[in-house]
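First the structure, in the form of structure tokens, and then the observations on it.
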Amino acid sequence: MKDKSYEQYKRIFRFSEVLLTLDVMCGMFGYLWYQYLNKLNEKPFTGSGNLMQIAVYVVVTLILIQIFGGFEIGFFTPLNAILSQVLAMFCVNLVMAVQIVLTISSIYTLDEIFLAMLILWGTQIFLSIFLVLLFDKLYVRLFPAWDMLVIYENDSVRLFLDKVNTRKDKYVVSEKIHISKGFEKICDKIREHDSVIVYDVTSNLRNDIIKFCYGEGIRVYQTPKLSDIMIRSAREHHLFDTPLLMSNNIGLSFEQKLLKRTIDIVISLLMLIVTSPIMLITAICIKLEDHGPVMFIQERITLNDRPFMIYKFRSMIVDAEADGKARPAITDDERITKVGRFIRKTRIDELPQLYNVLKGDMSLVGPRPERVEHVIKYTEKIPEFRFRTKVKGGLTGYAQVYGKYNTTAYDKLKLDLMYIENYSLTLDFRIVVMTIKVLFMKSSTEGFVQEDLSVGTVQEMAASVDEELLLDAEKKEGKVGS
Numbered sequence: 273m274k275d276k277s278y279e280q281y282k283r284i285f286r287f288s289e290v291l292l293t294l295d296v297m298c299g300m301f302g303y304l305w306y307q308y309l310n311k312l313n314e315k316p317f318t319g320s321g322n323l324m325q326i327a328v329y330v331v332v333t334l335i336l337i338q339i340f341g342g343f344e345i346g347f348f349t350p351l352n353a354i355l356s357q358v359l360a361m362f363c364v365n366l367v368m369a370v371q372i373v374l375t376i377s378s379i380y381t382l383d384e385i386f387l388a389m390l391i392l393w394g395t396q397i398f399l400s401i402f403l404v405l406l407f408d409k410l411y412v413r414l415f416p417a418w419d420m421l422v423i424y425e426n427d428s429v430r431l432f433l434d435k436v437n438t439r440k441d442k443y444v445v446s447e448k449i450h451i452s453k454g455f456e457k458i459c460d461k462i463r464e465h466d467s468v469i470v471y472d473v474t475s476n477l478r479n480d481i482i483k484f485c486y487g488e489g490i491r492v493y494q495t496p497k498l499s500d501i502m503i504r505s506a507r508e509h510h511l512f513d514t515p516l517l518m519s520n521n522i523g524l525s526f527e528q529k530l531l532k533r534t535i536d537i538v539i540s541l542l543m544l545i546v547t548s549p550i551m552l553i554t555a556i557c558i559k560l561e562d563h564g565p566v567m568f569i570q571e572r573i574t575l576n577d578r579p580f581m582i583y584k585f586r587s588m589i590v591d592a593e594a595d596g597k598a599r600p601a602i603t604d605d606e607r608i609t610k611v612g613r614f615i616r617k618t619r620i621d622e623l624p625q626l627y628n629v630l631k632g633d634m635s636l637v638g639p640r641p642e643r644v645e646h647v648i649k650y651t652e653k654i655p656e657f658r659f660r661t662k663v664k665g666g667l668t669g670y671a672q673v674y675g676k677y678n679t680t681a682y683d684k685l686k687l688d689l690m691y692i693e694n695y696s697l698t699l700d701f702r703i704v705v706m707t708i709k710v711l712f713m714k715s716s717t718e719g720f721v722q723e724d725l726s727v728g729t730v731q732e733m734a735a736s737v738d739e740e741l742l743l744d745a746e747k748k749e750g751k752v753g754s
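All letters in the sequence shown, in the order written, are residues 273 to 754 by the working numbering.
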């Protein structure tokens, strides 16, 4: 079993990691500021002016690295953490370069300032790689992977274990046990392991297991039911000596809708203007490749199950679904054109949806709007799938940041409900920022593997993949997520 003596020092490790990272990244800026940037000003800063400039850099660095997840060493993979820091520092240096040009320097030094900040960023990339790898090695040494017991109820656990096994630096599943072995046997097994994962277990037994782990002081993970996610946003009510939890279940408030819509209009309009040259070049390339239509227009579902026509740049051959059967993209799909392969990887194909946002059919952030036939089929298997339309469909969303293209419908539903039940403008901002990082991660655009589509259609694929995940819950509870 794992030696837990170092666990109490995780917070100290995190603090040391943040402090050293800030010292290195901001120390380099401080040196550049004193030695070069400040001297470009006609009247160089002295004393508190210099300290204020460096303090602003420190604050912006701390906020952006935190938002991108660059301090999550040990939680993210080293590559993910490095990418987070590199993107965060690019944004920090860009913001500071603009600030320096606008506030203390003349237009004639613009190129010198941006070049200096670019060189600074390049140096920070190498230091980021060194620091992340160093801290990751220390983290693994001090806090080795947890020895885990998986408690499961149905055979779909093998799909889940495939995911867990991708992070053997954090979790090592040494044993699994089926609930048919009985509660007493399960308790005996729990005592032999560092931690427990309760995977898709009937509510009553799951509650007993969690209470047992709580009493024994054993760490426990669980895959949430939909009702677990819904209750997370409940407010405490202390009207008398029996605690109450209250859930509104109305989606966003009027004030949230108004502010969200205002932001959607302003940002989508600006983005349409800024990206118009990119969209024009893309349209020309698509037309030149096969002389087919530039746009792909399709009916989708948004707020309150309202259908609308979504706009995308066409990335597949003309008549890719000529037989009328809907087929999602698979890995190395032959239907994707050369131009389409590039614009799908870079997400340029999604840019025309800014027009949908401006019209009000979509929001910048929200659950991705699904095809009508998908919604019908998924709702047959998962009645709660319709809960996603308590808010407008989004250009990006929680499931796009934390999931993949080939994440199952049930898991996407859970992620989207987490967004709806925990909505805030801060969360919207974080998702937008995280989307930038997702663009550089190949896993986010992975297609379905060919084996997943052996039955030939999306409807049949949904039935075969998601039904396996939900079959047991449907038998025991009457419907999924109850």
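We put the beta carbon where it would ideally sit given N, CA and C, even for glycine. What you are looking at is a predicted structure, and each value in this text was computed from that prediction instead of being measured.
- Task: Could you name the residues that DSSP lists as bridge partners for G666?
- Result: S635
- Can you pull the DSSP bridge partners for W418? Y443
- Query: Counting Cβ pairs, one atom from each stretch, are 3 or more of them under 8 Å apart for the segment 605-615 and the segment 527-538?
  - Reply: By the Cβ criterion, the segment 605-615 is not in contact with the segment 527-538, since fewer than three pairs of Cβ atoms, one from each stretch, lie closer than 8 Å.
- Are the beta-carbon atoms of I573 and V644 separated by less than 8 Å? Their beta carbons are under 8 Å apart, which means I573 touches V644 by this criterion.
- When the Cα atoms are used, what is the spatial distance from V590 to L636? 28 Å
- Message: Please tell me whether N426 and W393 are closer than 8 Å, where the distance is taken between their beta carbons.
- Response: No, the Cβ-Cβ distance between N426 and W393 is not below 8 Å.
- Item | Residues sharing a beta bridge with L517, DSSP | E508
- Message: For I501 and E693, which I take to be in contact (beta-carbon distance under 8 Å), what is that distance rounded to the nearest angstrom?
- Response: 6 Å
- Query: From which residue to which residue does the alpha helix (DSSP H) around V566 run?
  - Reply: Neither: V566 is in no alpha helix (DSSP H) and is coded neither H nor E.
- Look up E464 in the DSSP assignment and give the residues it is bridged to. According to DSSP, which records beta bridges pairwise, E464 is partnered with nothing at all.
- Message: In the DSSP assignment, the alpha helix (DSSP H) including P350 goes from what residue to what residue?
- Response: Secondary structure note for P350: its alpha helix (DSSP H) is the uninterrupted segment P350 to T375.
- Message: Rounding to the nearest angstrom, what Cα-Cα distance links I558 and L541 in this structure?
- Response: 24 Å
- Message: Taking 7 Å as the limit between beta carbons, can you name the residues of its chain near Y670, skipping five residues before and five after?
- Response: Closer than 7 Å at the Cβ level, and outside the excluded window around Y670, lie L687, D688, M690, Y691 and I703.
- Opening and closing residue of the beta strand (DSSP E) in which R491 lies: R491 to Q494
- Query: Is the beta carbon of C298 less than 8 Å from the beta carbon of I326?
  - Reply: I326 is positioned such that its CB atom lies closer than 8 Å to that of C298.
- Task: Give the straight-line distance between the Cα atoms of I756 and F701, rounded to the nearest whole angstrom.
- Result: The question about residue 756 has no answer here: the residues shown for the chain are numbered 273 through 754.
- Item | C-beta contact flag for L294 and V330 at 8 Å | Yes; because the gap between Cβ atoms is below 8 Å, this pair is in contact.
- Message: Considering only DSSP beta bridges, list what H646 is partnered with.
- Response: Paired residues: none, contrary to the question.
- Determine the closest residue to E447 out of F285, F455 and D419, with distance taken between C-alpha atoms. D419
- Task: Please report the Cβ distance between L544 and L630, rounded to the nearest whole angstrom; I am assuming they are in contact, meaning their Cβ atoms lie under 8 Å.
- Result: 7 Å
- Query: Would you report the Cα separation of C459 and G666, rounded to the nearest angstrom?
  - Reply: 44 Å
- Message: Assuming contact is defined by CB atoms lying nearer than 8 Å, are V705 and F343 in contact in what I supplied?
- Response: Contact flag unset, no.
- Nearest to V673 (by Cα), restricted to the options T707, V470 and A388: T707
- Return the bridge partner residues of V571 from the DSSP annotation. A small correction: the amino acid at residue 571 is Glu; Val does not occupy that position in the sequence shown. BP columns for E571 point to M581.
- Item | Spatial neighbours of V429 in its chain, beta-carbon cut-off 6 Å, leaving aside the 5 residues before and after | Shown here for V429: same chain residues with a beta carbon closer than 6 Å to its own, the five before and five after excluded, namely Y471 in chain order.
- Whose CA, out of Y306, R507 and Y308, lies closest to the CA of L516? R507
- Item | With 16 other Cβ atoms within 10 Å as the buried cut-off, status of N762 | Outside the displayed range of the chain (273 to 754) lies residue 762, so it cannot be described from this structure.
- Message: So for K448, helix, strand or coil by DSSP?
- Response: Three-state DSSP puts K448 in a strand.
- Message: Once the 5 residues before and after C363 are set aside, which same chain residues still bring their CB inside 6 Å of it?
- Response: L336
- Task: Just confirm the distance between the C-beta atoms of C485 and V468, as a whole number of angstroms; I'd bet it's less than 8 Å.
- Result: 6 Å
- Three-pair Cβ contact test at 8 Å for the segment 350-359 versus the segment 308-323: As far as the Cβ criterion goes, the segment 350-359 does not touch the segment 308-323, which means the pair count is below three.
- Task: Could you tell me if I354 is buried or exposed, where buried requires 16 or more neighbouring beta carbons within 10 angstroms of its beta carbon?
- Result: buried
- Query: So is L575 buried or exposed if we call it buried at 16+ other beta carbons inside 10 Å?
  - Reply: Under this definition L575 is a buried residue.
- Message: Our contact map puts I550 next to I620 with C-beta atoms below 8 Å; I'd like the distance itself, whole angstroms only.
- Response: 6 Å
- Item | Simplified DSSP state of I481, which is helix, strand or coil | helix
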